[in-house]
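Asker:
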Amino acid sequence: MTGPSKRDGFSSKFGVIAAAAGSAVGLGNIWRFPYVAGENGGGAFLLVYLLFILSIGLPVMLSELLIGRRAQKNVFGAFRSLAPNKPIFMAVGIMGVGAAFMILSFYAVVAGWTLEYTYLAFGNSLSGMSAIELSEFFKDFSGSTKGPIVWMTVFMILTAGIVIGGVKNGIEKYTKVLMPLLLVIIIILCVKSISLGGAEAGLAFLFNPDFSKVTGSVILEALGQAFFSLSIGMGVIATYGSYIQKKENLLYTAVSVSFADTIIAVLAGVAIFPAVFAFGIDPSSGPGLVFETLPNVFNHMKGGYLFSVAFFILLVIAALTSSVSLLEVVVAYFTEELKLKRKSATLIAAASITCLGVLCVVSDKAFKLFDWTSSNILLPLGGILIAVFVGWILQKTDVKDELEAHGGKAYFVNVLILVLKFVAPLAIGAVFLKGLGLL
Ligand code: PHE
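As numbered in the numbering used here, residues 798 to 1236 make up the sequence shown, in order.
1) If Gly1180 sits next to Ile1214, beta carbons under 8 Å apart, how far is it from one beta carbon to the other, in whole angstroms?
2) Can you list, in chain order, the residues of its chain with a C-beta nearer than 7 Å to that of Glu913? Leave out the 5 residues immediately preceding and following it.
3) Go ahead and label Gln1200 buried or exposed: buried means 16 or more other beta carbons lie within 10 angstroms of its beta carbon, across all protein chains shown.
4) List the whole-angstrom C-beta distance separating Ala1294 from Thr1143, where the pair is believed to meet the contact cut-off of C-beta under 8 Å.
5) Tell me which residues share the same chain as Phe1108 and place their Cβ nearer than 7 Å to its Cβ, disregarding the 5 neighbours each side in the sequence.
6) Using the beta-carbon count (16 or more within 10 Å), is Ile929 buried or exposed?
7) Check whether the Cβ atoms of Ala1116 and Met953 lie closer than 8 Å to each other.
8) Helix, strand or coil: which one does DSSP assign to Gly893?
9) Any chance the CB of Ala785 is under 7 Å from a heavy atom of the ligand PHE?
10) Gln869 to Ile1041, Cα distance in whole Å?
11) Using C-beta distances below 6 Å, list every residue in its chain close to Ile850, excluding the 5 sequence neighbours before and after it, in chain order.
12) Is it right to say Tyr1208 is buried, meaning 16 or more other beta carbons lie within 10 angstroms of its own, or is it exposed?
13) Assuming contact is defined by CB atoms lying nearer than 8 Å, are Pro1071 and Gly999 in contact in what I supplied?
14) Should Leu1103 and Leu824 be called a contact, given that it needs their Cβ atoms to be closer than 8 Å?
15) Val907 and Val1127 - do their beta-carbons sit closer together than 8 Å?
16) Ordered along the chain, which non-local residues of its own chain (more than five positions away) have a Cβ less than 8 Å from that of Met858?
17) With a cut-off of 8 Å on the beta carbons, I'd call Trp910 and Phe1088 a contact; round off their distance for me.
18) Between Ile1190 and Lys883, how many whole angstroms is the CB-CB distance? I'm expecting something under 8 Å.
19) Between His1097, Val1067, Gly1066, Pro831, which has its C-alpha nearest Gly1077's C-alpha?
20) Using a Cβ-based criterion (distance less than 7 Å to any ligand heavy atom), does Ile1214 qualify as near the ligand PHE?
21) One question on the structure: do Lys1044 and Phe807 come within less than 8 Å of each other, judged by their Cβ atoms?
22) Looking at Ile961 and Lys1138, is the spacing between their C-beta atoms short of 8 Å?
23) For Thr1170, which residues in the same chain have their Cβ closer than 7 Å to its Cβ, ignoring the five residues on either side in sequence?
24) Express the C-alpha separation of Ile1016 and Pro977 in angstroms, rounding to a whole number.
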């Protein structure tokens, strides 16, 4: 066949939503959201979080989608082609690729833990352990090297195996199956959890806001969680946006993905808090909440075996559909900017990220540095620049054109631009300064 080669892309509306929601829904929702909400007052945190998703997350996600689709390029190429004379915005592209490397290298380590726990859950190996034993087991395991490196490598092979297939025949194909499966599992877990005695206390903790708990740091924590959870600020959504056909409605996509992400976080809370309260566990026990305390819950529950297997499979699926989006940012950059073939681009990217992952396993410092730098510096900075770019640099007619490409009318465009010009940069700026300890 001759002629210009067609760019790979999503083939259906459901494929777009599955892939983008797959990116957003991840360890951030099921592992991080419950413990951060637990540490920050439960219901009050949830309310502030929802407010940020709506007022800042949604506009920034829409901006990324439209940047990507307008440019039809990887995140670096997108800013270069839309603003050729403004190198500062090319930095967003570089930062995005760098952030993908960093996030994926520690994310794959945590994802590796979820594989180990799935394996243990299948073998029923955690049953019979006391709470203290479980906690020690987790610390020993996550502090060791061989097991975490092996599982992290397995996880990266799975991720690369999906990405190597391409956008339509890899990412879309798998996320279309995995995301509905994830939804089914989490709903079953919620039903089971709510049926436990004492569920009311857990639900009350999550849904009754106590406004005296809303402090400055709770607000900032909620904004950071919203960014990480929606996968915004570093080009994942822009890259996926570049694979979306013109006939798709970007507002609909952004709203569906943000809604799905939020619902899954809330459902994760509904699945976890009633169980935590029913067994008298402290909801603010931190990052170990899922790995240290839930197996204990499963041990004391009827049907705990199936519940734990289902739960850890859920975590693996959630992590995998997010990690493919992170790897795709790098692969799109390698294939389009460095002209590598998709196969070699995927292998080189996955292999180098695995090496960085090994560094995160052996060095707690590296793990924390990557986590901290990406969430507290790269994502907020990227978010500000993306908002400023669409609010101030792109022509309003171009923005409108992209939002109306499916044949509808974008009556909301003036409000959107107002938010992107002022609200989003100022609010994100506050988080950024807080992250640096300057506020
Ligand atoms: N949103 C993903 C999660 O909640 C993490 C992620 C962050 C993925 C940034 C891509 C980009 O787990």
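Glycine residues also receive a C-beta, built at the ideal position from the N, C-alpha and C atoms.
The model shown is predicted, which means the values in this text are computed figures rather than measured ones.
Answerer: On the basis of the supplied data:
1) Their Cβ separation, rounded to whole angstroms, is 16 Å, which puts Gly1180 and Ile1214 out of contact at 8 Å.
2) Phe938, Gly944, Trp948
3) Residue identity check: residue 1200 is Leu in the sequence provided, not Gln. Leu1200 is buried by the Cβ-count criterion.
4) This structure leaves residue 1294 out entirely; the chain is present only between 798 and 1236.
5) Leu986, Leu1091
6) exposed
7) no
8) helix
9) Absent from the structure is residue 785, since the part of the chain shown begins at 798 and ends at 1236.
10) 9 Å
11) Ala1023, Ser1055, Thr1059
12) exposed
13) yes
14) no
15) no
16) Leu1027, Ile1029, Ile1034, Ala1051, Val1054, Ser1055
17) 6 Å
18) 7 Å
19) His1097
20) no
21) no
22) no
23) Met899
24) 32 Å
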